[in-house]
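Working notes, beginning with the structure itself.
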Amino acid sequence: MSLLIGDTAPNFIASTTKGEINFHEYIGDSWCVLFSHPASFTPVCTTELGQAANLELEFKKRNAKIITISVDQTEDQIRWIEDINETQNSNLQFPLISDSDRKISDLYGMIHPNASDTMTVRNVFIIDPFKKIRLTLAYPASTGRNFVELLRVLDSLQLTSNYKVATPVDWKDGEDTIILPAIKDEEISNLFPKGHTVIKPYLRTTPQPNK
Ligand code: BEZ
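In terms of the numbering used here, the sequence shown opens at residue 23 and continues consecutively.
Shown next as structure tokens:
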């Protein structure tokens with residue numbers, strides 16, 4: 023069974039490079055970016071975890087915790103972090119989950135047997151403080167992800183959780199947003215006092231409400 027947007031992220035107990043965690047307790051009142059990667063001591067993963075570490079402050083500004091998972095042993099992950107920091111000029115602080123029995127990877131559908139029987143693919147789950155899954159992604163081992171894009175998605179998820187707007191293609195924090203189709207024309211001036219533009223009856227924009 024695959025996990026879908028809107029599902030509760032299953033809880034688990036895990037060994038990590040920062041000790042044992044209860045996943046839901048680790049998330050607490052934060053958002054969480056849980057991402058799998060194929061293996062320690064591999065080149066693309068080294069660049070990805072270094073970039074995640076270098077952007078950790080940006081994730082923290084958005085009240086989001088990072089945590090990653092692979093089927094490796096904790097001792098290997100701890101040795102690998104030294105290489106990541108050396109080669110990516112980073113200071114990696116977030117936990118790496120060791121899932122050597124693959125229980126968590128199976129629970130989250132992170133092993134795609136027709137891609138690899140032995141390694142997790144590059145999944146991302148963005149989970150909100152209510153432990154609901156708000157985004158899922160799956161990339162193949164050969165393609166590194168864009169972690170700046172994950173920050174952009176967090177900005178959109180957090181904005182659209184609080185206001186009756188959606189965000190258009192390539193939207194970035196501070197740019198105009200789209201008024202939800204369910205909002206009636208007569209409701210707009212109360213909800214969006216900064217003004218709005220009607221491009222088509224179904225395409226109405228307004229300045230970002232929380233800026
Ligand atoms: C990598 O991280 O470089 C990688 C891992 C597994 C397969 C291919 C590439």
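The C-beta atom is built at its ideal place from N, Cα and C for all residues, glycine as well.
At a Cβ-Cβ threshold of 8 Å, residue 92 and residue 112 do not count as neighbours. At least one heavy atom of the ligand BEZ is found less than 7 Å from the C-beta of residue 61.
Around the CB of residue 143, 16 or more other CB atoms lie within 10 Å, so the residue is classed as buried. The segment 164–229 is shown to contain whole beta strand (DSSP E) runs of 3 or more residues at 199–201, 219–222 and 225–228, in chain order. In the three-state reduction of the DSSP assignment, residue 153 falls in the coil class, being assigned neither a helical nor a strand state.
A residue is called buried once 16 or more other Cβ atoms fall within 10 Å of its Cβ, and residue 127 is buried on that count. When DSSP reads this structure, residue 118 sits in a beta bridge with 90. Within the same chain, and ignoring the five residues on either side of residue 119 in sequence, the residues whose Cβ sits closer than 6 Å to its Cβ are 36, 38 and 91. By the criterion of at least three beta-carbon pairs nearer than 8 Å, the segment 198–211 is not in contact with the segment 155–164. When secondary structure is reduced to three states using DSSP, residue 26 falls in the coil class, being assigned neither helix nor strand. Three or more beta-carbon pairs drawn from the segment 194–202 and the segment 220–232 are found closer than 8 Å, and the two stretches are therefore classed as touching. Checking the DSSP bridge columns, you'll see residue 42 partnered with 37. Here DSSP, grouped into helix, strand and coil, assigns residue 66 to helix. In the three-state DSSP reduction, residue 75 falls in the helix class (H, G or I).
The beta carbon of residue 160 sits no closer than 7 Å to any heavy atom of the ligand BEZ. Within its own chain, the residues whose Cβ lies closer than 6 Å to the Cβ of residue 179, once the five positions on either side in sequence are excluded, are 156, listed in chain order.
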